[in-house]
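*Asks:* Below is the structure I would like to discuss, written out as structure tokens.
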Amino acid sequence: MTTRREFLVLAAALAAPTAARAQVDPNLAANRKAAFQAALKRIAGDAPVRKGRVKLVLPPLIDNGNSVPLTVSVESPMTEADHVKAIHVLTEKNPLPDVVSVALGPRAGRATLTTRVRLADTQTVTAIAQTSDGAFWSDTAEVVVTLSACLEEGLI
Amino acid sequence: MARAVVTVPPNARRGEIVEIKTLAQHPMETGFRRTQTGELIPRDIIRTFRCSYNGTEVFRAELHPAIAANPLIAFTTVATESGTLSFEWAGDNGYTVTEIAAIKVE
């Protein structure tokens with residue numbers, strides 16, 4: 036026979052997963068998308084972002100999203116008159132869209148950047164470069180992530 | 092705790108593009124993780140990185156939580172004159188590290 040106490044413990048255990056699920060924001064995908072668009076707007080304003088000149092290199096299949104090598108290189112003569120001013124990397128599905136923003140100039144010699152990033156999910160990574168004439172260029176890379184970076188299941 | 096490693100070629104020809112690699116020791120805690128009891132672990136990351144060549148800033152990066160722990164930053168610079176390259180990392184909870192490397196330009 037089930038005592039009242041046992042019943043209550045069982046009921047609480049059954050109710051717990053439901054409560055945990057309820058914490059996940061149903062608008063998560065939409066919010067992330069809006070955050071990505073906001074970040075893009077903050078970087079480029081209303082200027083058009085064109086494809087090309089930028090090369091974003093990421094492994095297409097990633098075992099561990101906690102440390103992913105990423106290289107951005109931009110075609111540019113890097114002279115005083117024509118150089119890359121800034122490079123930005125954005126993600127679509129990380130909790131925050133920004134990854135890294137770099138400011139450089141003709142003293143860099145080559146417009147390249149190598150770093151290691153965290154990726155929370157299978158997604159598209161975008162690199163945007165701003166040249167000295169104010170134009171924006173971009174490249175995207177599709178990545179498949181099998182183990183996401185530092186987030187519990189269901190929060191992604 | 093506060094340690095960093097930089098790789099700069101010791102010698103270079105004038106006008107040569109040299110590659111610089113930097114590695115800082117830092118957990119880069121994102122601020123999105125939780126402990127087993129469900130408390131949020133506060134954010135603790137490196138926010139900015141700067142590289143100056145004889146006092147002139149040549150490279151600056153703004154880092155966000157999506158940068159992996161022990162951030163690696165590799166970039167290039169033109170070897171213009173002999174001197175020192177100084178590297179500065181600054182972040183949350185008063186984290187600052189400065190590293191200096193000498194370069195000889197012929």
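So the sequences go chain by chain: A and B. Going by my numbering, the first residue of the first sequence is number 36, and it counts up by one from there. Going by my numbering, the first residue of the second sequence is number 92, and it counts up by one from there. We put the CB at the ideal spot given by N, CA and C, even for glycine.
#1: Which residues does DSSP list as the beta-bridge partners of B:Ile191?
#2: Would you please state the rounded distance, in angstroms, between the beta carbons of A:Leu148 and A:Val137? I believe it to be under 8 Å.
#3: What residue does the beta strand (DSSP E) around A:Ile97 start on, and which one ends it?
#4: So what does DSSP say about A:Lys90, is it helix, strand or coil?
#5: Using beta-carbon positions only, say whether A:Thr150 and B:Ile164 come within less than 7 Å of one another.
#6: Taking the Cβ atom as the reference point for each residue, do A:Val135 and B:Ala152 lie within a distance shorter than 7 Å?
#7: I'd like the span of the beta strand (DSSP E) that includes A:Ile122, first residue to last.
#8: When the distance is taken between beta carbons, is A:Pro132 closer than 7 Å to A:Ala82?
#9: Here's a check: name, in chain order, each residue in its chain whose Cβ is nearer than 8 Å to the Cβ of B:Thr187, leaving out the five neighbours to either side.
#10: Starting from B:Glu197, find everything on chain A with Cβ-Cβ shorter than 7 Å and list it in chain order.
#11: Let me know the secondary structure DSSP gives B:Arg138 once reduced to three states.
#12: So is B:Val188 in contact with chain A if we call contact Cβ pairs under 7 Å?
#13: In whole angstroms, what separates the C-alpha of B:Thr167 from that of A:Ala73?
#14: For A:Pro130, go through chain B and note every residue whose CB falls closer than 7 Å to its CB, in chain order.
#15: Any C-beta of chain A within less than 9 Å: which residues of the segment 166-185 of chain B qualify?
#16: List the residues of chain C whose Cβ lies closer than 7 Å to the Cβ of A:Arg67, in chain order.
#17: Determine the extent of the beta strand (DSSP E) in which B:Arg125 is found, giving its start and end residues.
*Replies:* For this structure:
#1: Locating residue 191 of chain B in the second sequence gives position 100, where the first residue counts as 1. Partner(s): B:Ser177.
#2: In the first sequence, counting from the first residue as 1, residue 148 of chain A sits at position 113. In the first sequence, counting from the first residue as 1, residue 137 of chain A sits at position 102. That pair is a contact at about 5 Å.
#3: Residue mapping note: residue 97 of chain A aligns to position 62 of the first sequence, counting from 1. Element bounds for A:Ile97: 96-99.
#4: Walking along the first sequence from the start, residue 90 of chain A turns up at place 55. Of the three classes helix, strand and coil, the one that applies to A:Lys90 here is strand, per DSSP.
#5: One-based indexing of the first sequence puts residue 150 of chain A at position 115. One-based indexing of the second sequence puts residue 164 of chain B at position 73. Yes, these two residues count as a Cβ contact at 7 Å.
#6: Here residue 135 of chain A refers to the residue found at position 100 when the first sequence is read from its first residue. Here residue 152 of chain B refers to the residue found at position 61 when the second sequence is read from its first residue. A contact, by the Cβ cut-off of 7 Å.
#7: Here residue 122 of chain A refers to the residue found at position 87 when the first sequence is read from its first residue. Residues 119-126.
#8: On the first sequence, position 47 is the one that residue 82 of chain A refers to. On the first sequence, position 97 is the one that residue 132 of chain A refers to. Cβ distance not < 7 Å, so A:Ala82 and A:Pro132 don't count as in contact.
#9: Translated into positions along the second sequence, residue 187 of chain B becomes position 96. Answer for B:Thr187: Ala93, Glu179, Trp180, Ala181, listed in chain order.
#10: Sequence index remark: in the second sequence, residue 197 of chain B carries index 106 (1-based). For B:Glu197, no chain A residue has a C-beta closer than 7 Å to its own C-beta; the minimum C-beta separation is roughly 17 Å.
#11: If you number the second sequence from 1, residue 138 of chain B lands on position 47. Of the three classes helix, strand and coil, the one that applies to B:Arg138 here is strand, per DSSP.
#12: Locating residue 188 of chain B in the second sequence gives position 97, where the first residue counts as 1. Closer than 7 Å: no.
#13: To locate residue 167 of chain B, count along the second sequence from 1; it is residue 76. To locate residue 73 of chain A, count along the first sequence from 1; it is residue 38. The alpha-carbon atoms of B:Thr167 and A:Ala73 are separated by roughly 30 Å.
#14: Taking the first sequence and counting its residues from 1, the one referred to as residue 130 of chain A is at position 95. Correct list: Phe123.
#15: Residues of the segment 166-185 of chain B with a C-beta atom less than 9 Å from some C-beta of chain A are Phe166, Thr167, Thr168, Val169, Ala170, Thr171, listed in chain order.
#16: Absence of chain C from the displayed structure is noted, the protein chains being A and B.
#17: On the second sequence, residue 125 of chain B is found 34 positions in, with the first residue counted as 1. Neither: B:Arg125 is in no beta strand (DSSP E) and is coded neither H nor E.
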